[in-house]
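In our numbering, the protein residues as written are 18 to 214.
For every residue, glycine included, the Cβ atom is placed at its ideal position computed from N, Cα and C.
Since the structure is predicted, the reported quantities are computational estimates derived from the model, not experimental observations.
Reading through the C-alpha cells given below for one structure.
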C-alpha cells in the first residue's frame, strides 16, 4: 500500500521537532521503503546475498534514526538521504573487507565493467575492491558534477527508477537519463586512468 508523500513529510518534520511518537508512526512507513531499496539492490546480485540485504537495510535504518537533526524537506529528500547512507554503508563494508583481506590494498578495476545500466559493481565480498574504486571515482566526480553523483547514488545505491530519481531531484526523466549516461562514461574514463597508473 502506497503511503501519501505528505504523511511521510509531516512525520519526518514532527520527529525532527522532537515528537518521538512521530518516529514510532514513521518507522514502519520508511522501513518498508528501505526494505524495498535493499531488495532492489540485492536483486541485481547473487541469490545468496539475501542476509546481506537485511543487514544493509538495518544499518541504513539505524543511521537514519541517528540523523534526527536533518532538516527533512519531504519524502524525496528522505529517499536522497537514504540512498547516500546506503552508499556509505556499502563502501564502508567494502573498505573493511579490503582492509581485512589485503591490508587495505586496492585492485585495479576494468572500466568495461561499467558498460551497462546494471553493470555497476556490487558490494559483495568478491567485488569489494570495485565498490571502493567506484566510490573514489564518485568522490572525484562530485567536485564538478554533484547532480550526476546524486543520480548514481539514487539509481544504483538507492535502487530508484528513472522516474523516481527525476522526482527526487526535481528534474525531467530525460535529464536523469542524460546524467546517468554521462556519469557512466566519465566513470569508465576515470577507471581506465586508474588502470594506466
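- Query: Is it right to say residue 137 is buried, meaning 16 or more other beta carbons lie within 10 angstroms of its own, or is it exposed?
  - Reply: Confidence is the limiting factor: at residue 137 the pLDDT is only 48, short of 50, which leaves the residue's position unreliable and the question unanswerable from this model.
- Message: So, with DSSP's three-state summary, where would you put residue 202?
- Response: DSSP places residue 202 in helix when its eight states are reduced to three.
- Message: With H, G and I counted as helix, E and B as strand and the rest as coil, what does DSSP make of residue 65?
- Response: No answer about residue 65 holds up, because its pLDDT of 41 lies below 50 and its placement is not dependable.
- Taking the alpha-carbon positions, what's the residue 39 to residue 101 distance? Near 23 Å, if we compare the C-alpha coordinates of residue 101 and residue 39.
- Message: Pairs of beta-carbons, one from the stretch 158–166 and one from the stretch 89–99, closer than 8 Å: are there three or more?
- Response: Result no; under three Cβ-Cβ pairs closer than 8 Å.
- Task: Taking residue 36 as part of the alpha helix (DSSP H), name the residues at either end of that continuous run.
- Result: In the DSSP assignment, residue 36 falls outside any alpha helix (DSSP H), carrying neither H nor E.
- Any contact of the stretch 189–196 with the stretch 144–159, i.e. 3+ C-beta pairs under 8 Å? In this structure the stretch 189–196 does not lie against the stretch 144–159, because fewer than three pairs of beta carbons, one per stretch, are closer than 8 Å.
- Query: Helix, strand or coil for residue 121 per DSSP?
  - Reply: Low confidence applies to residue 121: its pLDDT is 47, below 50, so where it sits in the model is not reliable enough to give any reading.
- Query: Could you give the distance in angstroms between the alpha-carbon of residue 87 and the alpha-carbon of residue 115?
  - Reply: If you take the alpha carbons of residue 87 and residue 115, they lie about 31 Å apart.
- 8 Å CB neighbourhood of residue 200 in its chain, flanking five on each side removed: Annotation for residue 200: 158, 162, 165, 166, 168, 169 place their beta carbon closer than 8 Å to its own, counting only its chain and skipping 5 residues before and after.
- Message: Taking 9 Å as the threshold (C-beta atoms), are residue 99 and residue 77 in contact?
- Response: It is a contact, given that the beta carbons lie within the stated cut-off.
- Message: Using 8 Å for Cβ pairs, my map puts residue 108 next to residue 37. What's the rounded Cβ distance?
- Response: Not a contact, Cβ separation roughly 31 Å.
- Which residue's Cα is closest to the Cα of residue 53: 203, 73, 179? Closest by alpha carbon: 73.
- Coarse secondary structure for residue 188, derived from DSSP in three states: Looking at residue 188 - three-state DSSP - the assignment turns out to be coil, as it is neither helix nor strand.
- Item | Euclidean distance between Cα positions of residue 204 and residue 103 | Spanning the two alpha carbons is a distance of roughly 20 Å.
- Task: Taking only the alpha-carbon atoms, compute the straight-line gap between residue 154 and residue 172 and give it to the nearest angstrom.
- Result: Distance between the alpha carbons of residue 154 and residue 172: 16 Å.
- Query: From residue 177 to residue 47, what does the alpha carbon distance come to, in whole angstroms?
  - Reply: Taking the CA atoms as reference points, residue 177 sits about 15 Å from residue 47.
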